[in-house]
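Peer 1:
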Amino acid sequence: MEGVDILGGLDNIQQKLVNDEYAGELAFQLDIAALIFSARDGHFVFQPDLLSIFAFERTIGGLLSVSLDGESPPEIYSYDDISASRNASLDWQPSAIVSIDGEPVLDWLDFQAQNTTGLNQDPDTNWNALFNEIANSPGAVVGAMNAFPGVSNNYTFANGTSRVFPIVGIAQQDFDGVFDGPSFYQKFCNATVKMEAAATTTSSQPVRTQSPRRPESTADEALLGYPDPFITDEDGTLAGFFLDTDGFRDTAVLAVKSFEPTNDDSFIDTMKKFLEECRRRRSSHLIVDVSSNGGGNILLAVDTFKQLFPTVDPYHTFSFRATDQLEVLMNFYTSLAAELQDSSEQTFANAGGDSDYDASPLLDAAGQGYDNFENYWRPFEVHNDSFTPLARYNLSNVEESDIVDGIVVSGYGNNRDIAPQHFASENVTMVTDGQCASSCHTFSHLMKWQGKVKTVAFGGRPQTAGQPMQYVGGVKGSEIVYLGNLLPFVSMLYGNAPSEVIEAADKTGLKTLHELGNYTLYRSADPVSSTFASINYQNFIGQFDSSYTPMQFVYEAADCRLWYSVDMAFDITTIWQRAASEAFAIGPNSTDVFAGCLEGSTNAPSSLSGNATLFDNGNVANVTQFIPSTLNATTEDAADDSSSTDAPAENSALDAVRQTAYSSFRGFGVLIIVSLLVL
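The opening position of the sequence shown corresponds to residue 1 in the UniProt record's numbering, with each subsequent residue numbered one higher.
(1) By the DSSP assignment, the alpha helix (DSSP H) with ARG281 in it spans what residues?
(2) Can you grab the Cα-Cα spacing for the pair SER162 / VAL66, in whole Å?
(3) Just curious, the beta strand (DSSP E) that GLU75 is in, first and last residue?
(4) DSSP beta-bridge partners for HIS285?
(5) Using three-state DSSP, classify ASP385 as helix, strand or coil.
(6) For the candidate residues ASP228, ALA391, GLN114, whose alpha-carbon lies nearest to that of ALA366?
(7) For VAL454, which beta-bridge partners are listed by DSSP?
(8) TYR564: which of PHE309, CYS597, THR334 sits nearest, CA to CA?
(9) Taking DSSP as the reference, what is the three-state secondary structure of residue 699?
(10) Would you call residue 692 buried or exposed, if buried means 16 or more other Cβ atoms sit within 10 Å of its Cβ?
(11) Curious, which full-length alpha helix (DSSP H) runs of at least 4 residues does the stretch 437 to 511 contain?
(12) Please state the DSSP three-state secondary structure of SER642.
(13) Could you tell me the alpha carbon to alpha carbon distance between PRO261 and GLU133, rounded to whole angstroms?
(14) Roughly how many whole angstroms lie between the Cα atoms of GLY9 and SER38?
(15) Leaving out the 5 sequence neighbours to the left and right, which residues in its chain are closer than 7 Å to PHE626 when beta-carbon positions are compared?
(16) Report the CB separation of GLN325 from LEU487 in whole angstroms; it is logged as a contact under 8 Å.
(17) Just curious, the beta strand (DSSP E) that GLY240 is in, first and last residue?
(18) Where PRO104 and GLU57 are concerned, what is the direct C-alpha to C-alpha distance, given to the nearest angstrom?
(19) Could you name the residues that DSSP lists as bridge partners for PHE259?
(20) What does the Cβ neighbour count give for LEU90, buried or exposed, with the cut at 16 atoms within 10 Å?
(21) When the Cα of ASN154 is compared with those of ALA583, PHE318, VAL98, which residue comes out closest?
(22) Kindly list the residues whose CB is nearer than 7 Å to the CB of SER444, restricted to its own chain and excluding five residues on each side of it in sequence; keep chain order.
(23) Quick check on DSSP: helix, strand or coil for ASP11?
(24) Can you give me the start and stop residues for the alpha helix (DSSP H) that TYR185 sits inside?
(25) Tell me which same chain residues have a C-beta within less than 7 Å of the C-beta of LEU521, skipping the five on either side of it?
(26) Mark VAL151 as exposed unless 16 or more other C-beta atoms lie within 10 angstroms of its C-beta, in which case mark it buried.
(27) In the DSSP output, which residue or residues are listed as bridge partners for PHE157?
(28) Taking the continuous alpha helix (DSSP H) assigned at TYR370, which residues delimit it?
(29) Rounded to whole angstroms, what's the CA-CA distance from ASN19 to ASP11? Just pull it up for me.
(30) Cα separation between PRO123 and GLY460?
(31) Using 8 Å as the Cβ pair cut-off and three pairs as the minimum, do the stretch 492 to 509 and the stretch 179 to 191 touch?
(32) I need the boundaries of the beta strand (DSSP E) containing PHE26, first residue and last residue.
(33) Closest by CA to VAL398, which one among VAL475, SER606, LEU299, THR156?
(34) Based on Cα-Cα distance, which residue from PRO94, GLY139, THR573, SER524 lies nearest to GLY225?
(35) For a test of the three-state rule: what should DSSP assign to residue 713, helix, strand or coil?
(36) Looking only at DSSP bridge pairs, what is CYS597 linked to?
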């Protein structure tokens with residue numbers, strides 16, 4: 001992905017406003033949305049209010065990117081055509097789509113993936129997100145779009161036929177009282193009106209930053225297209241299966257669709273009971289499917305890893321950008337929370353205790369406590385910017401864990417009772433479509449670097465045949481901060497801090513945030529949940545990485561890449577069986593580990609199996625060497641070793657421009673600039 005200059009882009013938008021170059025509000029908001037989208041950071045989001053009023057959907061019913069023989073590059077088909085051919089006796093065969101709106105189909109789709117639908121940092125992952133798959137139905141190419149994409153699309157097939165499918169618009173808001181442009185703006189875009197309407201229901205009390213809960217669903221709805229599970233949590237977020245096919249009967253499957261269940265306890269208990277059944281059945285192999293897992297509760301991710309590898313101390317370190325505003329916030333809340341340590345936990349939490357802005361519970365990289373703000377706040381310069389020292393969560397701190405995410409990780413504190421490890425590392429593999437992000441990356445990172453678990457990635461762009469694919473293509477930041485969760489902390493500071501703290505805050509971006517933050521929030525698509533106004537807060541830093549490079553900028557290849565077949569679009573067990581065949585060399589016609597992977601996709605330097613030193617001879621390790629500078633293969637490296645190519649040229653090394661652009665972020669200062677522009 002090419003570099004992005006967010007602040008420069010905002011300057012350009014501001015200049016267009018000054019020059020009166022915008023025909024209207026829509027064009028202005030589209031420019032803002034496109035600029036922020038271009039960062040390809042799933043934690044950095046600002047969707048303006050106008051873009052939430054309508055949704056647009058393509059009516060073709062979904063597309064498939066499948067290889068008919070499993071080896072040749074995929075072709076594009078209509079999902080409905082392929083489905084019909086499997087369920088009825090037809091006098092015709094599905095024909096591949098060769099162009100859309102007169103443009104070669106691969107070019108048209110790749111443009112959509114990288115410019116209109118893909119929020120991921122990896123282009124192969126953005127490609128996969130377009131298509132209908134069981135874990136990702138119906139795919140972004142037909143899913144709800146916020147910007148008007150036109151009235152129809154013309155699809156031309158390999159057999160010479162063409163079909164036009166209309167694009168439909170759906171109103172997502174109540175239009176009562178809307179009868180012209182001014183009334184439309186007054187109802188949907190007037191932040192003052194919206195703030196007044198919400199004033200009676202909005203709390204000013206600070207709350208712990210975490211992902212808003214996704215809408216509740218039944219397990220049947222969440223697992224549509226899956227076989228009947230042996231066990232599932234309340235809403236199907238986590239499900240356990242046992243394959244019942246010759247050659248795979250000793251293989252268990254754990255489908256982790258998200259780390260954001262409606263009931264954390266149900267999720268953890270389901271994991272425990274599933275592993276108990278694996279022991280009872282003496283299952284010898286485990287597939288962990290994290291396809292289309294967008295993340296969620298980070299401690300659930302750690303807990304899931306811990307239950308699989310109970311003897312390993314999960315190593316998850318992070319840093320923050322050491323901004324002036326964060327220094328003021330953390331200094332205030334760490335000190336204030338410390339004063340209330342002997343009070344009730346509710347009062348302690350209300351004062352910011354164990355929040356994102358309380359440094360006292362954090363551990364350093366070696367596991368020693370910082371205890372207070374002065375010990376923690378020792379910024380250092382790297383990547384042309386200032387960052388805090390590395391920190392870890394104290395998993396043994398029961399009070400912190402309970403306040404932070406409502407759970408205590410298995411093996412720690414008052415939850416020390418944990419079953420012994422059942423599956424050996426070499427008998428576990430992760431399956432992914434690249435659409436693994438946030439806390440899913442945390443889990444996958446622990447599985448790879450400490451659990452020594454191999455990965456099998458499916459799909460990706462046909463144009464990159466002969467190259468590996470990343471196993472995590474989504475955002476790799478450790479934590480997201482929503483504007484709606486941050487603002488109460490800022491308000492509490494301004495309402496309770498002594499004058500010298502207020503004076504210090506006024507010299508930073510906190511003053512602007514205090515004055516304009518609510519306006520910004522209520523110009524976003526959903527101010528109540530704050531889902532559409534957020535930034536990445538924590539940088540995930542790998543153990544022993546002396547370069548302190550955020551994992552977001554580190555290319556990591558899967559151990560094996562495979563194309564999707566037609567059967568895989570309709571029977572997810574065929575995905576699991578193929579992954580087991582390659583990772584474990586089991587099942588009919590299997591010969592050797594990874595023998596059937598796509599040529600050029602194995603033994604990449606950044607894959608686990610491609611680097612013997614990092615692999616530590618396959619031993620589970622509490623200490624894992626991790627040096628990104630040795631993992632980012634360059635184009636020159638690939639030319640020197642044609643048998644072990646790694647990242648494509650566009651991802652081969654840290655892009656200096658991109659790094660500079662990211663390091664120039666001033667958190668919600670970017671969103672505040674947006675506020676100033678729309679005033």
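The beta carbon of each residue, even a glycine, is placed where N, CA and C say it ideally should be.
Peer 2: Taking the coordinates as given:
(1) 264 to 281
(2) 20 Å
(3) 75 to 78
(4) THR251
(5) strand
(6) ALA391
(7) Here residue 454 is Lys; the residue named in the question, Val, does not match the sequence. In DSSP, LYS454 forms a bridge with THR429.
(8) CYS597
(9) With the chain represented from 1 up to 679, any question about residue 699 goes unanswered, as that position is not in the structure.
(10) Beyond the ends of the chain as shown, which are 1 and 679, falls residue 692; an answer cannot be given.
(11) 439 to 449, 483 to 496, 499 to 506
(12) Here SER642 scores only 31 on pLDDT, less than 50, and its place in the model should not be relied on; the value that follows carries that caveat. Residue state, collapsed to three classes: coil.
(13) 21 Å
(14) 10 Å
(15) Residue confidence is low: PHE626 scores 49 on pLDDT, short of 50, so the model does not pin down where it sits. Its coordinate-derived value is still stated next. Cβ within range, chain order: TRP449, GLY542, GLN543, PHE544, ASP545.
(16) Rounded, the Cβ-Cβ distance is 13 Å, inconsistent with contact.
(17) 238 to 242
(18) 21 Å
(19) GLY296
(20) exposed
(21) VAL98
(22) VAL290, MET430, CYS436, TYR471, VAL472
(23) helix
(24) 181 to 188
(25) LEU483, GLY484, LEU487, PRO527, SER530, ALA533
(26) exposed
(27) ILE97
(28) Per DSSP, TYR370 belongs to no alpha helix (DSSP H) and is neither H nor E.
(29) 12 Å
(30) 8 Å
(31) no
(32) The amino acid occupying residue 26 in the given sequence is Leu; Phe does not appear at that position. Element bounds for LEU26: not the beta strand (DSSP E) but the alpha helix (DSSP H), 25 to 37.
(33) LEU299
(34) THR573
(35) With the chain covering only 1 through 679, there is no way to say anything about residue 713.
(36) Answer is none; CYS597 lacks a bridge partner.
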